[in-house]
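Worksheet: the structure to be examined is printed underneath.
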Amino acid sequence: MKIIFKIAKNEFRFLFYSPIAWFVMIVFLVQCAIFYTPAIFGIANWQEVMIKLTPNFEGFGNSLTTSIFLKSGIFINVVRNLYLFVPILTMGLISREVNTGAIALLYSSPVRLRNIILGKYLGIMLYNLLLVGIVALFMVSGFFSIRHADYGIFFSAALGFYLLVCAYSAIGLLMSSLSAYQVVSAICTFAIIFTLSYIGGLWQRYDLVRDLTYFLSLQNRTGKMLTGLITTKDVIYFIVISAMFVCFTLLKLQNDRRSSPWYVKAGRYLAVMAAALLIGYISSRPSLTGYWDVTATNINTLHPRTQQALKQLGDSTLEVTLYTNLLGAGIDRGMPEMRNEDYLATLWERYLRFRPDIRFRYVYYYDNDSIADNRSLYQQYPGKTLKEIAVENADARDISITAFKTPEEMHRQIDLRPESYRLVMQLKYKGKSVFLRTFDDPIFWPDETNVNAALQKLLQPALPKVTAVTGDLERSVYKTGERGYAFHSAYKGGRGTLVNTGFEVDTVNLNTHNIPADVTTLLLADPKTALSPEVSDKLNSYISNGGNMLIMSEPGKQALLRPLLSQLGVQLSEGQLVRPTYNETPDKVISYLLPACHHLSEGLDSVMGYDPDDTLKILMPGTTTLSADSNPLFTITPLVSTLPDQTWLKAGTLVTDSTLPPFNYQEGDRKSSTYYTILQLSREVKGKAQRIIVCGDADFASNVRLASNVTLLMPAYSWLAYNRSPVYTPRPRPKDDIMAIGTSGAEAQRIAYLWVLPGLLLLSSTILLIRRKRK
């Protein structure tokens with residue numbers, strides 16, 4: 002070991018007697034400063050502006066550690082550009098000894114060859130610590146610049162940088178032994194790093210080599226560490242890759258000293274590679290992988306509620322089948338080429354951490370619903386059959402059509418027409434199954450809430466069921482038009498809809514059917530015809546027995562729901578609320594959530610608690626006001642109200658496409674300090690908590706208004722279902738959301754890192770090298 006350390010010391014000393022090492026350090030320092038200083042100055046400047054505009058400013062609400070070091074690009078760019086520096090440093094490790102003739106002296110010395118190799122590699126590893134130290138300098142600066150900085154990310158990122166640069170150095174060590182020309186060694190190092198960075202995308206469609214090439218890939222190996230998640234498989238990967246190339250270097254120099262048949266030499270290399278692949282394959286198995294989330298908020302770890310759901314699966318196996326349609330939406334994300342890099346790594350790895358025995362299956366097929374897509378596929382390929390279209394698409398992807406099941410084969414196995422033949426997963430557990438959908442948004446894969454909803458479907462006897470009343474021209478939960486309710490309820494393509502967050506959605510025509518016994522919430526939305534006595538009796542009986550309801554009315558139709566609401570102690574006022582504004586027609590009333598909304602769901606409570614001095618608002622395009630009887634049967638609590646003295650109750654017909662309507666007391670207009678537009682009702686019936694919500698507007702829940710009103714709508718459904726769904730997985734607010742310095746401090750850092758420190762390094766290196774040359 003003493004010999005190894007002496008060689009490492011000499012190698013480390015030689016680096017600093019060369020201008021190359023100093024040049025690399027200076028350029029690397031400037032590069033880090035270029036990506037760090039603008040980010041920290043921009044946030045510090047923005048914080049000063051926010052403090053001036055809002056004196057009660059308490060923070061940005063997001064992690065500044067992540068914003069400055071990840072999103073701004075300093076970590077990403079360091080990883081991306083490290084390969085530019087290492088070949089310059091390693092190109093002379095072995096070739097320098099060959100060119101000077103010192104290699105012969107080393108061979109004839111009593112020093113073992115492996116000690117020489119390990120000593121030189123240890124020397125470059127020591128220099129790598131200096132490169133990581135430069136990055137650590139900015140981490141320390143960020144630690145003192147950000148209040149409560151998430152230092153766990155700094156630790157894991159520094160580890161990732163060091164492991165990566167050491168792997169690059171091992172590659173450079175081997176390349177230096179292959180050629181006496183240093184430039185050739187540097188170019189070969191670039192080539193090998195490039196190959197290993199992109200080999201993970203090669204031959205991914207072939208089962209035989211998919212996992213092997215993916216393991217060898219350097220790409221994204223540090224990605225998890227940069228975000229604060231350390232995994233044993235990534236650490237072992239870097240150690241194995243570094244050890245493999247160091248062993249290759251040792252074999253190369255040994256082969257130069259002794260003569261052996263080519264197949265013996267090749268066998269040694271193959272044995273080392275096989276051992277590396279075997280270790281890597283075993284260490285990457287989910288059941289053998291360890292995880293360490295070092296972030297302050299455990300952002301890389303599943304929420305405890307999700308972990309509990311996975312734990313409830315017990316000893317039984319969860320089977321996940323991915324159905325990929327050659328002619329359907331999402332085909333690119335479902336192909337074998339994306340299996341390791343996208344499907345498993347992006348979606349399932351977090352779940353495999355706590356449930357490593359999940360079994361994955363893959364089914365590829367082709368099919369099309371010509372009625373649903375209005376024969377658009379056949380219009381693109383006129384005169385061709387479905388099979389001919391599939392063959393043409395398979396040829397375009399360079400895949401054999403035999404890899405895809407025919408529609409007939411699939412119909413005997415499963416019916417995917419209700420899922421529109423798009424990319425979808427089916428989860429199976431103890432004879433039960435549920436679909437887990439993908440979505441046409443930037444995230445694409447289901448999030449933790451969607452996965453939880455699927456798990457609850459498998460674990461619970463039944464999910465909360467929302468049943469919409471039909472038969473009197475009510476709003477439809479299946480229509481996607483402007484007045485429909487599909488986009489928050491039964492629409493399968495929406496990530497946040499009821500059917501994808503843990504609810505069952507159905508309809509019932511009370512003119513012909515009774516209310517099902519398994520209904521959790523009955524939705525009565527804007528009937529346009531009078532309820533028949535039979536329907537009224539069914540609704541009254543349902544309410545008397547403690548059933549939960551969501552009731553929505555519209556101005557001009559108060560009489561249709563007045564008989565039903567009267568037994569609840571709720572009155573719908575005649576007329577319509579108006580609020581004249583410059584930008585909108587007066588019927589569009591902005592209402593504000595009251596403190597009682599905190600109790601609807603944890604999610605809404607978290608959002609409303611973010612800024613207690615601000616109030617969330619919703620837009621109600623056409624609403625009337627609600628009032629409660631003086632002696633109600635229920636405990637009635639207002640949830641939403643208008644602003645004081647800005648709204649009045651308009652009697653008669655409201656004209657919205659003309660001049661703004663004035664307040665006219667003689668015509669029956671009435672003005673009050675505040676109007677309530679949504680009420681919450683609750684009571685105990687037969688030992689059960691009964692919950693009802695009444696709304697003076699039905700349009701606020703429509704498809705066209707969903708974006709601005711979903712903040713209240715989905716928590717309302719959750720409260721009516723006793724908060725059984727959706728499974729809320731909140732993350733604690735990050736503490737590192739405010740800067741500890743201002744623009745003056747950030748400007749001082751910019752000058753120091755971009756000019757002062759590089760200048761001092763340049764001056765020191767110049768003096769040292771000149772004095773060295775004189776000696």
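To convert, note that position 646 of the sequence shown is 647 in this note's numbering; the numbers rise steadily by one, no gaps.
Idealized CB from N, CA, C, for every residue including glycine.
These numbers were taken from a predicted model, which means no experiment stands behind them.
Would you tell me roughly how many angstroms separate the C-alpha atoms of L165 and E320, rounded to the nearest one? Spanning the two alpha carbons is a distance of roughly 36 Å.
Write down every uninterrupted run of the alpha helix (DSSP H) in the region 729-759 whose length is 4 residues or greater and which is fully enclosed by it, in chain order. Scanning the region 729-759 from its first residue to its last, the whole alpha helix (DSSP H) runs of 4-plus residues come out as 744-752.
Spatial neighbours of L714 within its chain, please: C-beta separation below 8 Å, excluding the five flanking residues on both sides. Excluding positions up to five away in sequence, the list reads H489, F701, A702 and L707.
Return the CA-CA distance between D208 and L387, expressed in angstroms with no decimal places. When rounded, the distance between both Cα atoms is 28 Å.
Tell me the DSSP secondary structure of A150 in three-state form. DSSP places A150 in coil when its eight states are reduced to three.
From G331 to N375, what distance separates their C-alpha atoms? So the alpha carbons of these two residues sit roughly 19 Å apart.
Pick out whichever of I402, S683, I694 and K774 has its Cα sitting closest to the Cα of Y778. In the structure displayed, the chain extends from 2 to 776; residue 778 sits before or after that span and is not available.
Could you give the DSSP three-state label for W263: helix, strand or coil? Here W263 sits in helix by DSSP.
Looking at C-beta atoms only, is the number of pairs between the region 284-304 and the region 144-154 that lie closer than 8 Å three or more? The region 284-304 is in contact with the region 144-154.
Once DSSP output is grouped into helix, strand and coil, what is the label at S766? In the structure shown, S766 sits in a helix (DSSP, three-state: H, G or I).
Since I believe F86 is in contact with V801 (beta carbons under 8 Å), could you give me their beta-carbon distance rounded to a whole number of angstroms? Residue 801 falls outside the range modelled here, since the chain spans only 2 to 776, and no answer is possible.
Segments of 3+ residues assigned as beta strand (DSSP E) that fall wholly inside the region 589-672: Those beta strand (DSSP E) runs which fall completely within the region 589-672 and span 3+ residues are 589-594, 618-622, 627-629, 636-642 and 649-651.
Quick one: what does DSSP say E685 is sitting in, helix, strand or coil? Taken through DSSP and simplified to helix, strand or coil, E685 comes out as strand.
CA-CA distance, I117 and Y344? Distance between the alpha carbons of I117 and Y344 is about 44 Å.
Among the residues of its own chain, which have a CB less than 6 Å from the CB of D606, if the five just before and after it don't count? Once the five neighbours on either side are set aside, the close Cβ partners of D606 are H599.
Write down every uninterrupted run of the beta strand (DSSP E) in the region 459-496 whose length is 3 residues or greater and which is fully enclosed by it, in chain order. For the region 459-496, whole beta strand (DSSP E) runs of length 3 or above, ordered along the chain, are 466-471.
So, helix, strand or coil for S574, using DSSP? Assignment of S574 by DSSP, reduced to helix, strand and coil, places it in the coil class.
Identity of the residue in P633, T648, A629 and Q647 nearest P639 by Cα: Of P633, T648, A629 and Q647, the smallest CA-CA separation from P639 is found for A629.
Reduced DSSP secondary structure (H/G/I, E/B, other) of M51: DSSP places M51 in helix when its eight states are reduced to three.
Reference L174, options I237, V28 and C248, closest by Cα: Here the closest residue by C-alpha is C248.
Short check: CB of A267 to CB of A244, under 9 Å? No, the Cβ-Cβ distance between A267 and A244 is not below 9 Å.
Answer with buried or exposed for I283, where buried requires no fewer than 16 other C-beta atoms within 10 angstroms of its C-beta. Residue environment: I283 is assigned as exposed (fewer than 16 neighbouring CB atoms within 10 Å of its CB, all protein chains considered).
Which residue marks the beginning of the beta strand (DSSP E) containing Q1, and which one marks its end? As displayed, the chain neither begins before 2 nor continues past 776, which places residue 1 out of reach and without an answer.
With a Cβ-Cβ cutoff of 9 Å, do G74 and A40 count as a contact? A contact, by the Cβ cut-off of 9 Å.
Identity of the residue in Y324, L131, I444 and A275 nearest L213 by Cα: Minimum Cα distance to L213 is reached at A275.
How many Å lie between L762 and L353 at the Cα? In this structure, the alpha-carbon of L762 lies about 47 Å from that of L353.
Under 8 Å: do the region 125-133 and the region 18-32 share three or more Cβ pairs, one atom per stretch? Touching, yes, given that three or more Cβ pairs across the two stretches are closer than 8 Å.
Reference W446; option with closest CA among E748, F13, L348 and A404: Considering only E748, F13, L348 and A404, the residue with the shortest C-alpha distance to W446 is L348.
If I'm right that L90 touches A9 with Cβ under 8 Å, what's the distance once you round it to whole angstroms? Contact between L90 and A9 does not hold, since the beta-carbon distance rounds to 14 Å and is not under 8 Å.
Going straight from the alpha carbon of T730 to that of T450, what length do you get? Roughly 7 Å between the two C-alpha positions.
Best match in S574, E12 and R334 for proximity to L650 [C-alpha to C-alpha]: Nearest of S574, E12 and R334 to L650, Cα basis: S574.
Taking three-plus beta-carbon pairs below 8 Å as touching, is the region 545-559 in contact with the region 490-505? With the cut-off at 8 Å, the region 545-559 and the region 490-505 do not touch.
So what does S434 bridge to, in DSSP terms? Paired residue(s): K429.
Smallest Cα separation from G472: which of F17, G482, K529 and A463? Nearest of F17, G482, K529 and A463 to G472, Cα basis: K529.
With a CB to CB cut of under 6 Å and the five nearest residues on each side skipped, what residues in its chain are close to S766? Listed in chain order, the non-local C-beta contacts of S766 below 6 Å within the same chain comprise W23, local neighbours out to five positions each way being set aside.
Cβ-Cβ separation, A159 to V136 (assumed contact under 8 Å), whole Å: Yes, V136 and A159 are in contact; Cβ-Cβ is about 7 Å, under 8 Å.
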